[in-house]
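Take a look at the structure below.
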Amino acid sequence: MKQELKSTKFGKYGGQFVPEVLMPALEELTGQYEKYKEDPVFNEELDYYLRDFAGRPSPLYHAKQLSREYGVKIYLKREDLVHGGAHKLNNTLGQGLLTKYMGKKRIIAETGAGQHGTACAMVGAVFGIKTEVYMGAKDTVRQRMNVYRMELMGTKVIPVKSGSQTLKDAINEAIRDWVANVETTHYMIGSVVGMHPYPTMVRDFQSVIGKEVRTQIMEKEGRFPDSIVACTGGGSNAMGIFHPFIDDDVDLFAVEAGGSGLKATDKEALHSATLCAGEDGVLHGARTKVLQNKYGQILESSSIAAGLDYAGVGPELAYLADIGRIKPRYSLDNEALEAFHDLCRLEGIIPALESSHALAYVKNAAASGELGDVVVINISGRGDKDLETVLGMNK
Amino acid sequence: MKQELKSTKFGKYGGQFVPEVLMPALEELTGQYEKYKEDPVFNEELDYYLRDFAGRPSPLYHAKQLSREYGVKIYLKREDLVHGGAHKLNNTLGQGLLTKYMGKKRIIAETGAGQHGTACAMVGAVFGIKTEVYMGAKDTVRQRMNVYRMELMGTKVIPVKSGSQTLKDAINEAIRDWVANVETTHYMIGSVVGMHPYPTMVRDFQSVIGKEVRTQIMEKEGRFPDSIVACTGGGSNAMGIFHPFIDDDVDLFAVEAGGSGLKATDKEALHSATLCAGEDGVLHGARTKVLQNKYGQILESSSIAAGLDYAGVGPELAYLADIGRIKPRYSLDNEALEAFHDLCRLEGIIPALESSHALAYVKNAAASGELGDVVVINISGRGDKDLETVLGMNK
Amino acid sequence: MRISEKFSELKKRDEGALIAYICAGDPTPEGTKEYVTALVRGGADIIELGLPFSDPVADGPTIQAGIERALNGGMTPDIYFRMVGSLKVHIPLVVMTYYNLIFKRGLEKFVKDCASSGISGIIVPDLPAEESGELAGLCEKNEIDLIFLVAPTTTESRMEQILTRGTGFIYLVARLGVTGARSDIAVSTSELIRRVRTDTPKAVGFGISNGRQAAEIISAGADGVIVGSAFVDIIAKGKDVPNKLEALASELKDGIKIAR
Amino acid sequence: MRISEKFSELKKRDEGALIAYICAGDPTPEGTKEYVTALVRGGADIIELGLPFSDPVADGPTIQAGIERALNGGMTPDIYFRMVGSLKVHIPLVVMTYYNLIFKRGLEKFVKDCASSGISGIIVPDLPAEESGELAGLCEKNEIDLIFLVAPTTTESRMEQILTRGTGFIYLVARLGVTGARSDIAVSTSELIRRVRTDTPKAVGFGISNGRQAAEIISAGADGVIVGSAFVDIIAKGKDVPNKLEALASELKDGIKIAR
Ligand SMILES: Cc1ncc(COP(=O)(O)O)c(C=O)c1O
Ligand SMILES: Cc1ncc(COP(=O)(O)O)c(C=O)c1O
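Protein chains in written order, with this note's numbering: chain A, 4 to 398; chain B, 4 to 398; chain C, 2 to 261; chain D, 2 to 261.
Below you can see the structure in the form of structure tokens.
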């Protein structure tokens with residue numbers, strides 16, 4: 004028992020700060036996850052869906068023009084080519100299959116920009132499980148097309164009108180739903196955040212990214228990269244590509260959304276750089292770094308990239324940052340936007356604004372030598388969803 | 004010489020009905036294409052880009068829920084997962100590389116909905132070749148986001164204000180540009196249409212689809228499918244998946260856009276079903292089936308799917324239809340729309356409205372036994388580009 | 002006054018406890034003082050005073066709205082403790098808040114502030130037993146009760162663990178779901194009351210809004226009922242609030258008394 | 002009148018030919034008759050009458066617009082041949098159209114319609130020599146010239162092939178590009194004229210709009226100049242059309258005459 008309890012944490016981070024009602028469900032989920040994680044039938048089925056449905060493996064692409072422009076040899080891990088247009092499906096396929104194996108009849112989820120919600124909807128459709136997604140009312144308007152995508156796939160989108168009407172409130176509302184329907188429902192968290200076992204489980208499902216990179220970079224370079232750079236909102240694409248390299252001599256850079264600068268008022272942060280500028284706290288079931296005021300009230304975060312716009316971050320990242328294993332960095336809105344344009348123009352790849360933060364950091368840091376000679380950037384998603392935003396910014 | 008001339012045709016179809024100015028360029032292109040087609044260096048580089056940049060191979064996915072609903076075992080060839088969201092990039096990568104090897108400094112292209120234009124823009128960016136795309140002025144408004152995607156990648160989009168201001172006029176204008184700049188410019192045609200060598204060349208570049216299917220279906224079924232179904236506008240995704248099976252005992256269905264029914268006035272067809280309802284004619288450099296009035300004036304075609312909305316069709320398809328090797332069929336707008344919803348709901352895959360025509364035909368025909376037991380449907384692209392249209396139709 | 006004293010006193014009178022929740026600072030700190038007095042007049046035996054947190058995941062729409070009003074009214078932990086310290090009531094006061102506010106203040110400071118401002122107990126809906134070690138130790142040292150929740154889903158092994166740790170009273174969650182007034186009482190409630198085998202008093206909350214329900218809960222074997230949303234609803238409406246709070250408290254207390 | 006006769010006649014006078022293009026039916030069939038007469042009055046030696054096709058890829062914006070006006074005015078091949086048959090002119094008429102209209106009508110019927118309506122030659126800008134076998138045969142049988150184009154890009158081997166097939170005159174495309182008036186004459190033009198070694202008369206088109214240019218072309222060794230867009234432009238403007246057509250034709254013809 005002690006042993007199990009201990010494993011809910013990464014150092015002092017993580018844990019299960021949730022209403023008592025949910026504790027048995029978390030216990031069950033942990034148990035089932037631990038069981039199926041080792042189950043060959045489960046893993047074979049998951050591999051099958053990752054390959055035939057999601058389109059994995061995603062390529063590792065040597066971006067020659069970008070390398071020349073930025074002055075360092077750059078490989079792009081192409082999660083933008085995964086079904087749905089982002090890495091999100093790696094996780095929802097895993098959790099969706101788990102839901103099926105656990106015999107739960109319903110999936111609920113939160114979504115910000117709608118990427119995770121869309122990935123849930125895909126999985127709900129393909130596994131035939133009723134799916135409902137909470138989404139901040141403001142986000143349902145801003146991301147109308149993603150709402151429609153979810154609805155087309157038979158998912159019900161529930162607008163959340165409380166609080167700031169964005170991602171944080173959608174999570175709150177999803178937790179409330181889960182509290183009420185925990186016996187029949189699986190809550191599908193979309194990043195390495197929240198209470199144990201989610202940070203571990205989501206990381207494991209996303210680790211397919213890093214595992215592929217290990218093989219691919221050995222084929223191409225005959226060695227590991229000097230560094231890996233990933234944008235970090237909750238941190239799932241980052242942990243997914245970092246985790247398989249955690250014991251290797253590879254520098255890992257977690258690039259957060261610096262918004263318009265690392266400033267904050269008593270209610271709002273102008274950024275979402277939780278590792279860089281947050282403080283220890285407890286949010287959505289886990290102890291982690293949190294954007295909060297001096298009393299512990301959670302701030303509204305902000306970023307040009309909806310998927311990074313979150314006041315928390317995965318507890319494992321907080322831990323890895325503390326012990327110096329990952330290096331937290333940030334890019335500003337306008338830097339990300341510039342890098343977005345670079346990749347479009349130089350490589351014919353339209354990256355998500357989230358992923359553009361990772362690109363922007365490489366652009367800034369390449370000259371310092373900090374990144375070494377060979378760097379892998381995780382292109383966590385494609386930018387078609389962001390065209391309206393970019394179009395708006397350029398006007 | 005006789006021999007070479009002969010090979011510009013498929014039976015009585017095909018040929019090179021173009022202004023004299025272009026003939027030398029076509030000769031050059033044919034020669035260069037024939038040379039590089041067999042060149043291991045060229046092919047290796049093409050394979051590299053298809054894999055690492057475009058994300059090939061695309062999966063062959065057994066759609067269990069859809070199979071159950073439609074009553075036949077269905078495999079989906081997932082061209083929707085190719086970079087850019089459609090099969091179009093297979094061709095533009097091939098032609099782009101050829102442009103590079105030929106030392107031409109500029110690419111021009113026509114585009115209807117913007118899919119081919121986007122694929123050209125990607126290739127222009129990645130190969131660093133100046134790219135300009137002609138697009139009907141009406142289409143630039145209807146497909147604003149695709150215009151923007153091209154521009155982001157450094158491509159100039161030139162609105163065509165003549166004629167019906169749609170695809171047909173964009174092709175006319177691209178030909179005019181080519182006539183004027185043929186010495187420095189490669190004209191990148193987006194389907195198996197136009198003058199020799201385009202129908203052959205584009206087919207060959209798209210054949211990667213069918214080649215992959217051969218391997219994949221043997222792995223999964225231990226045999227070839229009974230039938231293959233593909234939507235047909237110009238016919239490139241169809242020829243791409245059909246061609247490698249042309250000598251095998253596999254039925255090949257080319258599904259055209261039936262629009263609101265196979266009727267036409269003196270100026271407009273309510274459909275784009277050229278193989279089903281067109282007559283022999285000469286359009287855009289090739290003898291083929293054409294939608295035309297009794298005098299030979301080309302009709303304005305129509306379809307809910309912008310990518311199928313064309314009054315011509317590839318000459319090889321016209322030939323194969325005449326000799327009975329392929330079976331021309333059509334689906335109506337509303338049937339395609341229904342099938343679109345089926346795939347979203349049952350499989351969590353949002354297909355292009357073009358591809359939905361192939362789905363709709365399978366839905367209609369499965370019960371007749373015509374398709375056999377195992378059918379492969381080419382999902383030529385994803386439907387994100389069509390959300391506005393579908394949203395509009397459902398209102 | 003310690004919570005156990007209150008329950009002993011009630012036990013002597015063979016009477017169940019009415020535990021009333023309102024959110025401190027809703028809509029202003031001054032208002033809260035007045036409302037607390039009204040609840041006491043109406044017969045509340047214990048008052049839970051919510052310390053508002055920006056992201057109250059265990060609360061339903063009614064209490065969420067109260068929390069939002071309180072935050073907009075400027076409520077902070079500092080103001081909270083000052084206000085509580087100035088209250089002149091002779092019944093136990095319990096703070097209900099989310100763990101981050103405690104964590105951020107520092108566990109020790111928070112507990113000491115409770116002690117010095119006259120708070121008898123702490124309820125933290127997002128702090129399960131597993132994570133509560135340090136806070137429990139500090140509470141014990143400062144003679145403050147740390148009150149735990151049990152739910153219909155709580156397993157036997159967890160139940161044991163919670164009952165060992167919980168002091169003051171055990172907060173029985175009447176049903177799955179968040180706080181909020183409902184018109185019926187779930188069957189599961191009586192079953193849960195039976196399952197919680199302990200000498201610590203048992204109070205049932207979540208969804209109770211009138212005297213009839215209160216009576217049913219007490220008849221089913223509970224030692225107290227907890228009512229929140231129904232009171233917060235009165236505050237939300239904002240008309241004649243003190244009298245209406247008092248009247249509802251009386252109705253509930255009457256129901257509780259009838260049941261024995 | 003056959004085209005060769007016209008050129009022999011001009012040769013005797015040591016004079017170059019003015020070949021004028023307008024689009025039949027632009028903007029109405031009646032208008033065309035009047036315009037043809039005006040061109041003849043101005044001195045045109047041969048008239049190319051465009052039969053409008055919906056997708057004229059070899060034409061620039063000016064002629065495209067003329068074609069559109071003609072199609073909107075109701076021009077069809079049937080009307081075309083009726084109208085041409087009724088023209089009372091004593092110079093060669095040439096039909097310029099795209100291959101699909103010929104193909105659709107049936108090659109044989111088309112050529113016979115030409116013959117019986119008094120047309121002397123056919124120009125098909127999208128029909129290169131390679132595809133022209135059948136049409137060439139029919140033309141020969143019906144004593145109609147099939148006129149081919151050569152361009153600056155035409156290779157020596159293609160040139161030979163074309164020169165063997167072409168009758169009436171050889172249409173030299175002055176520059177890369179589509180039809181349309183331009184103000185300068187490309188150097189490549191004189192070079193092309195030199196490269197086309199044949200006894201068949203050589204006429205240069207694409208981009209000629211005034212007497213000076215016409216003179217230059219003839220000086221460079223051409224037997225005729227072809228002017229289209231400049232005439233169509235006058236029709237597009239729609240003011241005092243017959244007089245202006247006549248005036249431009251005179252100017253061009255004057256330029257041509259001066260050059261020898
Ligand atoms: C493309 C993309 N990248 C990154 C993220 C951020 O999530 P995470 O930090 O969990 O990878 C999102 C979230 O929606 C996303 O859509
Ligand atoms: C997704 C998709 N499918 C099909 C087509 C039709 O082209 P083709 O018939 O050449 O495959 C298009 C054309 O844009 C397309 O975008």
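For every residue, glycine included, the Cβ atom is placed at its ideal position computed from N, Cα and C.
Between the segment 288-304 of chain B and the segment 346-359 of chain B, the count of Cβ pairs shorter than 8 angstroms is below three; the stretches do not touch. Closer than 8 angstroms to the CB of Gln-98/B there is not a single CB belonging to chain D.
A Cβ-Cβ contact shorter than 8 angstroms links Thr-201/D with Thr-168/D. Between Thr-291/B and Pro-318/B, the C-beta gap is smaller than 8 angstroms, which places the two residues in contact. Distances between the C-beta of Asn-240/B and the heavy atoms of ligand 2 include at least one below 7 angstroms.
Taking every protein chain shown into account, the CB of Val-144/B has fewer than 16 other CB atoms within 10 angstroms, so this residue is exposed. Those residues of the segment 29-61 of chain D placed with their C-beta closer than 9 angstroms to a C-beta in chain B are Pro-53, Phe-54, Ser-55, Asp-56, Pro-57, Val-58, Ala-59, Asp-60 and Gly-61, ordered along the chain.
The Cβ atoms of Met-242/A and Arg-217/A lie no closer than 8 angstroms to each other. Using a CB distance below 8 angstroms, the part of the segment 133-152 of chain C facing chain A consists of Phe-149, Leu-150, Val-151 and Ala-152, ordered along the chain. The beta-carbon of Asn-73/D is placed no less than 8 angstroms from the nearest beta-carbon of chain B. Residues are counted here when their Cβ sits less than 8 angstroms from a Cβ of chain B; for the segment 218-235 of chain A the count is zero. At a beta-carbon threshold of 9 angstroms, the residues of chain B lying near Phe-56/A are Pro-62, Tyr-64, Arg-81, Glu-350, Gly-351 and Ile-352, ordered along the chain. Residues of chain A whose Cβ lies closer than 7 angstroms to the Cβ of Asp-387/B are, in chain order, Asp-387. The residues Tyr-36, Ala-39, Leu-40, Gly-43, Phe-232 and Ile-235, in chain order, have a CB closer than 7 angstroms to that of Leu-246/C in the same chain once the five nearest residues on each side in sequence are set aside. Fully contained in the segment 27-76 of chain C are the following alpha helix (DSSP H) runs of length 4 or more, in chain order: 30-43 and 62-73. Residue contact check for Leu-286/B against chain D: a CB pair falls below 8 angstroms.
Residues of the segment 163-177 of chain D whose Cβ lies closer than 7 angstroms to any Cβ of chain B, in chain order: Val-174 and Leu-177. Bounds of the beta strand (DSSP E) holding Pro-162/B are 159-163. For Asp-146/D, the beta-bridge partners assigned by DSSP are Gly-122/D. Interface flag for Tyr-151/B against chain A is set, since a Cβ pair is found closer than 8 angstroms. With its beta carbon less than 8 angstroms from one in chain B, Tyr-100/D belongs to the interface. Scanning its chain for C-beta atoms nearer than 8 angstroms, with the 5 sequence neighbours on each side dropped, one finds around Arg-109/B the residues Ile-132, Lys-133, Thr-134, Glu-135, Asn-184, Thr-187, Thr-188 and His-189, in chain order. Residues of the segment 286-316 of chain A with a C-beta atom less than 8 angstroms from some C-beta of chain C are Leu-286, His-287, Gly-288, Arg-290, Val-293, Gln-295, Lys-297, Tyr-298, Gly-299, Gln-300 and Ile-301, listed in chain order. Contact annotation: the segment 34-54 of chain A does not touch the segment 329-336 of chain A, with fewer than three C-beta pairs closer than 8 angstroms.
Distances between the C-beta of Thr-188/B and the heavy atoms of ligand 1 are all 7 angstroms or more. Within the segment 170-181 of chain B, contact with chain D at the beta-carbon level (separation under 7 angstroms) is assigned to Lys-171, Asn-175, Ile-178 and Arg-179. Taking a C-beta distance under 8 angstroms as the contact criterion, Gly-17/B and His-199/B qualify as a contact pair. The Cβ neighbour count for Gly-127/A, taken over all protein chains shown within 10 Å, is at least 16; the residue is labelled buried.
Shown in chain order are the members of the segment 122-137 of chain B whose Cβ falls below 8 angstroms from a Cβ of chain A: Ala-124, Met-125, Val-126, Gly-127, Ala-128, Val-129 and Gly-131. When CB distances to chain B are screened at a threshold of 9 angstroms, the residues of the segment 80-111 of chain D falling below it are Tyr-99, Tyr-100, Asn-101, Leu-102, Ile-103, Phe-104, Lys-105 and Arg-106, in chain order. Contact check for Leu-294/A against Ala-321/A fails: the beta carbons are separated by 8 angstroms or more.
If you check each beta-carbon in the segment 14-27 of chain B against every beta-carbon of chain D, the ones closer than 7 angstroms belong to Gly-18, Gln-19, Phe-20, Val-21, Pro-22, Glu-23, Val-24, Met-26 and Pro-27. With 16 or more neighbouring CB atoms inside 10 Å of its own CB, Glu-217/C falls in the buried class. Rounded to the nearest whole angstrom, the CA to CA distance from Ser-121/C to Lys-103/A is 46 angstroms. Taking CB atoms only, Leu-340/B has no neighbour in chain A less than 8 angstroms away.
Residues of chain B whose Cβ lies closer than 9 angstroms to the Cβ of Thr-155/D are, in chain order, Glu-23, Val-24, Met-26 and Pro-27.
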